[in-house]
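According to our numbering, the sequence shown is numbered sequentially starting from 4.
A virtual CB, placed ideally from N, CA and C, is assigned to each residue, including glycine.
Every value quoted in this text rests on a predicted model; they were computed, and no experiment measured them.
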Amino acid sequence: MMEDEYYYDVVVVGGGNAGLCAAQAALDLGASVAVLEKAPRDERGGNSALTGHMRFPYDSVDDLAVLMDDPNQDDLAVIHDRLPRRSKEDLWDEVMRTTAGKADKDLLTTHVNNAYPTIMWLRGKGHAWLPNVAATAGNTTQMAGRGYKLQERHYRNVERSGGQLHYETSMTEILVNSRGEVDGVRAIAPEGFRTIRAKAVILACGGFEANPEMRAKYLGAGWDTVKNRGVPYNTGDGINAALAVGAMPFGSFTSCHASPQDIERPAYTLPSSVPNGGVRTSRYAYPYSIMVNLEGTRFVDEASDVRGRTYAKMGWSVRAQTGGVAYQLFDAKARRFGLLEDYDRNNATGVTASSLDELAKKTGLDPEKVRATVTAYNAAIQPGKLDPNPFGLDGKRTNGLAIDKSNYSISIDEGPFEAYGVCCAITFTFGGLLVDAKTAQVQHTAGRAIPGLYTAGEMLGGLWHGNYPSGSGMMAGAVFGRIAGEHAARTAAANA
Ligand SMILES: Cc1cc2nc3c(=O)[nH]c(=O)nc-3n(C[C@H](O)[C@H](O)[C@H](O)COP(=O)(O)OP(=O)(O)OC[C@H]3O[C@@H](n4cnc5c(N)ncnc54)[C@H](O)[C@@H]3O)c2cc1C
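Now the structure itself:
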């Protein structure tokens, strides 16, 4: 029996934010476009559906106000008074700071220069933003309806523009003709294999965070058993298929985004669990806590920077502890500052006790060790004003500890005391494919572009290393997805 064959100008593999931005950009230029999505219709959206925000530069309050549907006076006051400005230079600096200077400069130039114009492009397609000032916020704005609604709007737009959606269709192979040009993909659907011919292929099917074998291979021993914050579908299929046709791997394959998550979080997350926000398992009040391991000892500077610039590497610190777990300790002041509202809303796994000894016993920690750690910490706190602000450092630090805490050092001396259990869960992988930073075209190991092959989103390597500023994955996915879609459509038109 012959395999089903389909013909399009552009085929996009993966219906996350990067893939749908690519599809939309190609459709806008008149290309016929198919999107292949591994998940069933009810679980579409990818990791993108689980997100909250995008990080972009803006010069003024007006740049933010224009992104909001009917901003009220409170919203405007918030963005005017409480949100810091973020210039393009600021964004460049914080990416370089979080990646220890390893972000690829060409990619970052494209990212920084195109971020706000891409936000305005999305705004023109019906997306909107809200101010975000929660104590655990990683960013100054969040998408209206979060990632789930963003993805629903993307899908609606792509369908209205004539894009063809193939669900439960997993790309298994990239097809290359005798001239070395990519001319389609092979995919497996419930009915069997399909050949989808196209003049250009855009790979946007995520990293390998959901693949235990690849996690162990690239990230190292023990990463096979970590929990996955994201969807179970991103198993490195795109990276493997691209490597098989000679694509050049690029970026950090030995690091990834991994953050502190509720100790009881499930093994992965499906988009259908979050249409109204869902129960979120991130435990990001840690900069205002001290974190102790099962030995009752602190193991990391909980606040070397604001939470939005430390959380993506903080999972690594937690994973390195006995059992891969830790406890975040707070006293009564945390509630007065409103730092645990997110935990209450999302059923955080924790215990409360009137004394530290009782708290330690309830968590199974040694009371003597916990008492010693807390006493030493309290004694080391330096004078200065405490300001638990998610967007600025207060310099309220400790001095003289084996591991000092650099900011937000709130003494732990007033009951009731609270402890929240956390584990490490992977968010997404950083290693991917080498592209031309201006076109998102995938490069061959031989040092030339692969004709007809583009990539975007988690699959694009070279931007993030070891850490990253929150909200950057979605932004980069939109920036490079749009660029990939435009260039793929032009390639298709040139080969018509
Ligand atoms: C819980 C969580 C919260 C996050 N919050 C944020 C945030 O607030 N801001 C931010 O910037 N980033 C956030 N991230 C990271 C962000 O999700 C990613 O950087 C971004 O979504 C990547 O977009 P993408 O389109 O590359 O991947 P995805 O959105 O994951 O899309 C990839 C798609 O490809 C499909 N697919 C996989 N294999 C195949 C195949 N073989 N064939 C066809 N389809 C395939 C998948 O099913 C999926 O739908 C978060 C991630 C998680 C897990």
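Under 8 Å between C-beta atoms of residue i and residue j
i, j, result
"Q1", "A428", "Outside the shown range of the chain (4 to 499) lies residue 1, about which nothing can therefore be said."
"N410", "G398", "yes"
"E46", "P274", "yes"
"P454", "V185", "yes"
"G327", "A26", "no"
"K230", "R268", "yes"
"G233", "L23", "no"
"D109", "A440", "yes"
"R156", "G129", "yes"
"R312", "L32", "no"
"N237", "G210", "yes"
"G19", "A207", "yes"
"P278", "Y151", "yes"
"D7", "R197", "yes"
"K372", "T300", "yes"
"S276", "Q154", "no"
"P472", "R58", "yes"
"L362", "V354", "yes"
"Q331", "S285", "no"
"A356", "K365", "yes"
"G17", "G48", "no"
Rounded Cβ spacing between residue i and residue j (contact assumed at less than 8 Å)
i, j, result
"K41", "T172", "7 Å"
"H490", "A443", "6 Å"
"D407", "D304", "6 Å"
"V15", "I205", "5 Å"
"A495", "D12", "4 Å"
"P74", "Y119", "No, P74 and Y119 are not in contact; Cβ-Cβ is about 18 Å, not under 8 Å."
"K485", "A147", "Note that residue 485 corresponds to Arg in the displayed sequence, not to Lys. Actually they are not in contact, since the Cβ atoms of R485 and A147 sit about 20 Å apart, beyond 8 Å."
"A335", "P419", "6 Å"
"Y170", "P43", "6 Å"
"I177", "V248", "5 Å"
Same chain only: Cβ atoms within 7 Å of residue i, ignoring 5 sequence neighbours per side
i, result
"S258", "F433, H468 and G469"
"N498", "K202"
"D384", "Per the sequence presented here, residue 384 reads as Ile, with Asp not at that position. Around I384: T401, S412 and S414."
"N135", "H56, N142, T143, T144 and Q145"
"A379", "L404"
"M71", "D78, A131, W132 and L133"
"L246", "P252"
Segment limits, alpha helix (DSSP H) that includes residue i
i, result
"P215", "P215 to L222"
"F508", "Outside the displayed span of the chain (4 to 499) sits residue 508, for which this structure offers no information."
"K91", "K91 to T101"
"G241", "D240 to A247"
"Y291", "Careful: Y291 lies outside any alpha helix (DSSP H) and carries neither H nor E."
"K372", "P370 to A383"
"Y61", "It is not in any alpha helix (DSSP H) - Y61 carries neither H nor E in the DSSP assignment."
"Y346", "E344 to R348"
"C24", "N20 to D31"
"A120", "Here residue 120 turns out to be Pro, not Ala, going by the sequence shown. Residues K108 to R126."
"H83", "Q76 to D84"
"T366", "L359 to T366"
"K336", "A335 to R339"
Chain-order list of residues whose beta-carbon lies under 6 Å from that of residue i (same chain, five-residue window excluded)
i, result
"Y9", "I199"
"F340", "P391"
"H260", "A315, T430 and F431"
"A250", "L436 and V445"
Same chain, Cβ closer than 8 Å to residue i, neighbours up to 5 away in sequence not counted
i, result
"A137", "E344, D345 and P393"
"Y287", "T139, G141, S262, P263, R310, Y314 and D345"
"F302", "M294, V295, N296, S320, A323, Q324, A329 and I406"
"T352", "D265, I266, E267, Y423 and G424"
"L79", "V64 and A68"
"S358", "G418 and F420"
Segment limits, beta strand (DSSP E) that includes residue i
i, result
"W132", "W132 to P134"
"Y11", "D7 to V16"
"V185", "V185 to A192"
"G318", "Taken as a continuous stretch (DSSP letters only), G318 belongs to no beta strand (DSSP E), being part of the alpha helix (DSSP H) at Y314 to R322."
"R159", "Run containing R159: none in the beta strand (DSSP E); it sits in the alpha helix (DSSP H), R149 to R163."
"C426", "F420 to T432"
"M146", "T144 to M146"
"Y457", "A452 to T458"
"E176", "S173 to V179"
"R202", "According to the sequence displayed, residue 202 carries Lys and not Arg. It spans G195 to L206 - the beta strand (DSSP E) in which K202 sits, taken as one unbroken run."
Residue i at chain D interface by Cβ criterion, 8 Å
i, result
"Y287", "Absent here is chain D; the protein component of the structure consists of one chain."
State whether the stretch 237 to 244 contacts the stretch 458 to 465, with contact taken as three or more CB pairs (one from each stretch) at a distance under 8 Å. yes
Would you check if the stretch 181 to 198 and the stretch 213 to 224 touch, i.e. whether three or more CB-CB distances between them fall below 8 Å? no
Say whether the stretch 91 to 106 touches the stretch 32 to 39, bearing in mind that this needs 3 or more beta-carbon pairs closer than 8 Å, one atom from each stretch. no
Okay, do the stretch 472 to 481 and the stretch 111 to 125 touch, 3+ Cβ pairs below 8 Å being the bar? yes
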